[in-house]
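Everything on this sheet refers to the single structure shown next.
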Amino acid sequence: MNQRIRNQWAALLLAGVLAGCVPFAALAATPDPAPRDTLPSEYQRGYEAGYRAAKAETKRTAQKEKAPRHETPGKYARHASDIRFPSDTSARAPRFMHRLSAEFRPEYIFPTNPFLKSENRTGQPIDLSLSGHFRYSFQFRPGSTPDRIYGGAYQGLGVAYYDFQRPDEIGNPIAVYLFQGARIARLAPRLTFDYEWNFGLSFGWKPYDFDTNPNNKMMGSKINAYLNVDFLLKWRIMREVDLSAGLSLTHFSNGNTKYPNAGLNTIGGRAGLSYNFGRTTPETAPRSLGPAFPRHVSYDLVLFGSWRRKGIEVGDKQYAAPDAYTVVGFNFAPMYNFGYKFRAGVSLDGVYDGSANVIPADPISDGSSIAQIETVDPGFIRQIALGVSARAEFVMPYFNIGIGLGVNVLHKGGDLRSFYQILALKVAVTHNSFLHIGYSLRDFHMPNFLMLGVGYRFNNKYPRHR
Numbered sequence: 285m286n287q288r289i290r291n292q293w294a295a296l297l298l299a300g301v302l303a304g305c306v307p308f309a310a311l312a313a314t315p316d317p318a319p320r321d322t323l324p325s326e327y328q329r330g331y332e333a334g335y336r337a338a339k340a341e342t343k344r345t346a347q348k349e350k351a352p353r354h355e356t357p358g359k360y361a362r363h364a365s366d367i368r369f370p371s372d373t374s375a376r377a378p379r380f381m382h383r384l385s386a387e388f389r390p391e392y393i394f395p396t397n398p399f400l401k402s403e404n405r406t407g408q409p410i411d412l413s414l415s416g417h418f419r420y421s422f423q424f425r426p427g428s429t430p431d432r433i434y435g436g437a438y439q440g441l442g443v444a445y446y447d448f449q450r451p452d453e454i455g456n457p458i459a460v461y462l463f464q465g466a467r468i469a470r471l472a473p474r475l476t477f478d479y480e481w482n483f484g485l486s487f488g489w490k491p492y493d494f495d496t497n498p499n500n501k502m503m504g505s506k507i508n509a510y511l512n513v514d515f516l517l518k519w520r521i522m523r524e525v526d527l528s529a530g531l532s533l534t535h536f537s538n539g540n541t542k543y544p545n546a547g548l549n550t551i552g553g554r555a556g557l558s559y560n561f562g563r564t565t566p567e568t569a570p571r572s573l574g575p576a577f578p579r580h581v582s583y584d585l586v587l588f589g590s591w592r593r594k595g596i597e598v599g600d601k602q603y604a605a606p607d608a609y610t611v612v613g614f615n616f617a618p619m620y621n622f623g624y625k626f627r628a629g630v631s632l633d634g635v636y637d638g639s640a641n642v643i644p645a646d647p648i649s650d651g652s653s654i655a656q657i658e659t660v661d662p663g664f665i666r667q668i669a670l671g672v673s674a675r676a677e678f679v680m681p682y683f684n685i686g687i688g689l690g691v692n693v694l695h696k697g698g699d700l701r702s703f704y705q706i707l708a709l710k711v712a713v714t715h716n717s718f719l720h721i722g723y724s725l726r727d728f729h730m731p732n733f734l735m736l737g738v739g740y741r742f743n744n745k746y747p748r749h750r
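The sequence shown maps to residues 285 to 750 in the numbering used here.
This is the structure:
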């Protein structure tokens with residue numbers, strides 16, 4: 285390096301001297317040459333110019349030598365969580381593509397309780413659900429690295445209006461929900477087979493009331509959770525316009541926070557149109573591999589809480605306990621990250637369920653009302669449990685969907701001797717923190733409790749979406 289710097293200095297000084305001597309050669313050719321005393325100053329200025337140029341070049345060379353080299357993604361990266369997806373080569377290319385869509389969904393209502401079968405004011409089955417949806421969504425620019433990795437994943441916010449043909453007994457609820465979908469397979473250059481999920485809240489139900497709405501023993505609250513899963517075909521009929529149609533499955537319930545909670549389940553179709561703003565390139569860009577994924581073990585810690593109602597079984601009948609009971613707990617899950625879309629592991633699950641092993645203080649007669657039922661608290665030790673569950677998560681931008689199958693291993697029996705299932709949605713807040721919205725079942729059919737909380741992911745080396 286020193287020899288190279290010396291050579292640069294010599295070359296630049298020589299260039300400066302020659303540049304300073306150019307006026308001398310020109311003056312010698314003229315009939316009226318300039319006075320000799322001007323020559324030293326021209327030579328001096330050339331020398332100084334060469335000196336300044338050599339000094340600047342030396343500084344630039346030293347900075348290049350000291351600059352850190354860029355590390356490529358993969359197992360040799362110094363900080364794997366700092367890996368960025370390659371940015372677009374065009375300075376004008378937008379990061380996201382935005383979309384507006386409208387849909388219509390006619391669905392069949394499963395007759396899962398007497399109210400839906402015929403025990404209502406009309407004496408007729410309630411079996412038809414109609415809804416209209418208006419949605420906004422965005423996705424990574426078609427052809428970009430995240431778009432290729434996640435199969436054109438899109439996510440957004442939707443609003444829906446529902447008509448169950450019984451506004452006096454059920455109401456006409458409005459649902460507000462988050463949704464996300466992606467491509468499962470490309471069937472043709474303009475045709476794809478996609479999936480989509482919706483999750484949110486629905487408002488405007490007419491719940492059960494002993495005096496004004498006694499037949500509706502299906503819904504006990506004005507606000508209920510809304511869950512939906514769809515499988516659809518999407519056809520790009522124009523550069524900016526898509527036509528979609530497919531199968532839709534929907535569930536409404538209050539998560540066992542209020543009785544009654546029989547829930548409402550539907551199956552049917554969906555059809556809609558979407559307009560994609562600024563889609564100027566086809567979505568059928570050539571497939572290419574993304575950056576190497578840094579496989580690793582991460583650790584998810586979740587703290588959650590909620591409240592629940594409980595039905596007390598007496599013989600072949602079930603009576604609603606009068607109180608709402610507190611539920612708090614935690615999950616600690618080491619998870620192995622297999623790739624961009626999947627992680628799995630085991631979880632240590634602790635819970636305090638204030639409704640566990642609660643029993644009536646006195647025998648319950650058929651004429652007893654909820655207000656007349658008194659319960660006995662069995663004590664804290666009979667309401668806590670520690671379990672172990674197997675976990676798997678489907679990982680997508682901004683959202684993770686997880687399932688768990690577990691069993692309580694430390695408990696005092698009764699209600700806590702159970703095989704439980706967990707369905708959870710994790711919504712990213714920062715790179716490592718997230719909101720947790722989950723629901724627990726017992727034996728695949730008994731409602732257990734909601735799991736509303738926050739979580740943090742330790743040792744997270746998942747690449748950032750940039």
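Note that the Cβ used here is the ideal one computed from N, Cα and C, for glycine as well. Source: prediction; values computed, not measured.
- Going straight from the alpha carbon of residue 472 to that of residue 603, what length do you get? Translated into positions along the sequence shown, residue 472 becomes position 188. Translated into positions along the sequence shown, residue 603 becomes position 319. Cα-Cα distance, rounded: 56 Å.
- Three-state secondary structure (DSSP) of residue 374: By 1-based counting over the sequence shown, the position of residue 374 is 90. Because the pLDDT at residue 374 is just 47, under 50, the model does not fix this residue reliably, and the point stays unresolved.
- What is the DSSP secondary structure of residue 633, reduced to helix, strand or coil? As a working mapping, residue 633 is identified with position 349 in the sequence shown. Residue state, collapsed to three classes: strand.
- Message: Could you compute how far the alpha carbon of residue 374 sits from the alpha carbon of residue 528?
- Response: What you label residue 374 is simply residue 90 of the sequence shown in a count that begins at 1. What you label residue 528 is simply residue 244 of the sequence shown in a count that begins at 1. Caution is warranted here: a pLDDT of 47 is assigned to residue 374, below 50, making its placement in the model unreliable, and no coordinate value can be reported.
- Message: Please classify residue 713 as buried or exposed, where buried requires at least 16 neighbouring CB atoms within 10 angstroms.
- Response: Taking the sequence shown and counting its residues from 1, one reaches residue 713 at position 429. Looking at its Cβ environment, which holds fewer than 16 other Cβ atoms inside 10 Å, residue 713 is exposed.
- Query: According to DSSP, is residue 625 helix, strand or coil?
  - Reply: Position 341 of the sequence shown holds residue 625. Coil, per DSSP.
- Message: So, with DSSP's three-state summary, where would you put residue 493?
- Response: For the purposes of this step, residue 493 is identified with residue 209 of the sequence shown, where counting begins at 1. Strand at residue 493.
- Message: DSSP three-state label for residue 401, please.
- Response: Taking the first residue of the sequence shown as 1, we reach residue 401 at position 117. Helix.
- Query: What is the rounded straight-line gap between the Cα of residue 734 and the Cα of residue 700?
  - Reply: Here the question's residue 734 lines up with position 450 in the sequence shown. Here the question's residue 700 lines up with position 416 in the sequence shown. In a straight line, the C-alpha of residue 734 is about 16 Å away from that of residue 700.
- Can you give the beta carbon distance from residue 546 to residue 502, rounded, assuming they're within the 8 Å contact cut? Numbered from its first residue, the sequence shown carries residue 546 at position 262. Numbered from its first residue, the sequence shown carries residue 502 at position 218. Contact holds; Cβ gap of about 5 Å.
- Task: Let me know the secondary structure DSSP gives residue 681 once reduced to three states.
- Result: For the purposes of this step, residue 681 is identified with residue 397 of the sequence shown, where counting begins at 1. Three-state result, residue 681: coil.
- Is the segment 535-553 in contact with the segment 573-583, if contact means three or more CB pairs nearer than 8 Å? no
- Query: Just curious, the beta strand (DSSP E) that residue 390 is in, first and last residue?
  - Reply: Indexing the sequence shown from 1 puts residue 390 at position 106. Here the beta strand (DSSP E) through residue 390 covers 380-393.
- Verify the CB distance criterion: does residue 513 have a CB-CB separation below 8 Å to chain D? Of the protein chains in this structure there is only one, and it is not chain D.
- Do residue 681 and residue 408 have their C-beta atoms closer together than 8 Å? Position 397 of the sequence shown, counted from the start, is the residue given in the question as residue 681. Position 124 of the sequence shown, counted from the start, is the residue given in the question as residue 408. Their beta carbons are not under 8 Å apart, which means residue 681 does not touch residue 408 by this criterion.
- Query: alpha helix (DSSP H) containing residue 430: first to last residue?
  - Reply: For the purposes of this step, residue 430 is identified with residue 146 of the sequence shown, where counting begins at 1. Where residue 430 is concerned, the enclosing alpha helix (DSSP H) starts and stops at 429-433.
- How many angstroms separate the CA atom of residue 455 from the CA atom of residue 402? Indexing the sequence shown from 1 puts residue 455 at position 171. Indexing the sequence shown from 1 puts residue 402 at position 118. Approximately 17 Å, taken between the alpha carbons.
- Task: Please specify which runs of the beta strand (DSSP E), each continuous and at least 3 residues long, are wholly inside the segment 714-747, giving them in chain order.
- Result: 717-726 and 730-742
- DSSP state of residue 521 mapped onto helix, strand, coil: One-based indexing of the sequence shown puts residue 521 at position 237. Coil at residue 521, not helix or strand.
- Task: Spatial neighbours of residue 354 within its chain, please: CB distance less than 7 Å, with the 5 preceding and 5 following residues excluded, ordered by chain position.
- Result: Here residue 354 refers to the residue found at position 70 of the sequence shown. Since pLDDT at residue 354 reaches only 45, below the 50 mark, its modelled position is unreliable, and the value read off the structure follows with that caveat. Excluding residues within five positions, none has a Cβ falling inside 7 Å.
- Message: As a quick exercise: from 412, 441 and 432, pick the residue whose alpha carbon is nearest that of residue 422.
- Response: Your numbering for residue 422 matches position 138 in the sequence shown. For the residues 412, 441 and 432, the minimum Cα distance to residue 422 belongs to 441.
- Query: Shortest alpha-carbon distance to residue 512 belongs to which of 444, 628, 561 and 523?
  - Reply: For the purposes of this step, residue 512 is taken as the residue at position 228 of the sequence shown. It is 444.
- Item | Neighbourhood of residue 485 by C-beta distance below 8 Å, restricted to the same chain and skipping five residues each side | As a first step, residue 485 is located in the sequence shown; it is residue number 201 there, counting from the start. For residue 485, where only same-chain residues beyond five positions count, the Cβ hits under 8 Å are 459, 460, 461, 507, 508, 509 and 510.
- Message: Taking 8 Å as the threshold (C-beta atoms), are residue 690 and residue 671 in contact?
- Response: Position 387 of the sequence shown holds residue 671. Position 406 of the sequence shown holds residue 690. Yes, these two residues count as a Cβ contact at 8 Å.
- Which class does residue 458 belong to by DSSP, given the choice of helix, strand or coil? Sequence index remark: in the sequence shown, residue 458 carries index 174 (1-based). Note: residue 458 maps to strand in three-state DSSP.
- Task: Keeping to the same chain, check which residues put their C-beta closer than 8 Å to that of residue 717; ignore five residues upstream and five downstream.
- Result: Counted from its first residue, the sequence shown places residue 717 at position 433. So the qualifying residues of the chain are 738, 739, 740 and 741.
- Alpha carbon of residue 644 to alpha carbon of residue 622, nearest angstrom: In the sequence shown, counting from the first residue as 1, residue 644 sits at position 360. In the sequence shown, counting from the first residue as 1, residue 622 sits at position 338. Computed Cα separation, rounded: 49 Å.
- Item | Beta-carbon separation (whole angstroms), residue 475 vs residue 517, contact threshold 8 Å | Within the sequence shown, numbered from 1, the residue matching residue 475 stands at position 191. Within the sequence shown, numbered from 1, the residue matching residue 517 stands at position 233. Confirmed, Cβ separation roughly 7 Å.
- Task: Measure how close the beta-carbons of residue 482 and residue 453 come, nearest whole angstrom, since I'm counting them as under 8 Å.
- Result: Along the sequence shown, read from residue 1 onward, the residue named residue 482 stands at position 198. Along the sequence shown, read from residue 1 onward, the residue named residue 453 stands at position 169. In fact, because the Cβ distance is near 25 Å, the residues do not count as touching under 8 Å.
- With DSSP as the reference, label residue 698 as helix, strand or coil. Taking the first residue of the sequence shown as position 1, residue 698 is located at position 414. If DSSP states are grouped into helix, strand and coil, residue 698 belongs with the helices.
- Query: Which residues mark the beginning and the end of the beta strand (DSSP E) in which residue 712 is found?
  - Reply: Taking the sequence shown and counting its residues from 1, the one referred to as residue 712 is at position 428. Start and end: 703-712.
- Does DSSP put residue 410 in a helix, a strand or coil? Numbered from 1 along the sequence shown, position 126 holds the residue referred to as residue 410. Three-state DSSP puts residue 410 in coil, outside helix and strand.
- Query: Starting from residue 592 and walking both ways along the beta strand (DSSP E), at which residues does that stretch end?
  - Reply: Here residue 592 refers to the residue found at position 308 of the sequence shown. Here the beta strand (DSSP E) through residue 592 covers 580-592.
- Item | residue 560: first and last residue of the uninterrupted beta strand (DSSP E) it sits in | Within the sequence shown, numbered from 1, the residue matching residue 560 stands at position 276. Segment 548-561, the beta strand (DSSP E) holding residue 560.
- Task: Have a look at the DSSP bridge pairing and note the partners of residue 749.
- Result: Along the sequence shown, one-based indexing puts residue 749 at 465. Partner(s): none; residue 749 has no beta bridge.
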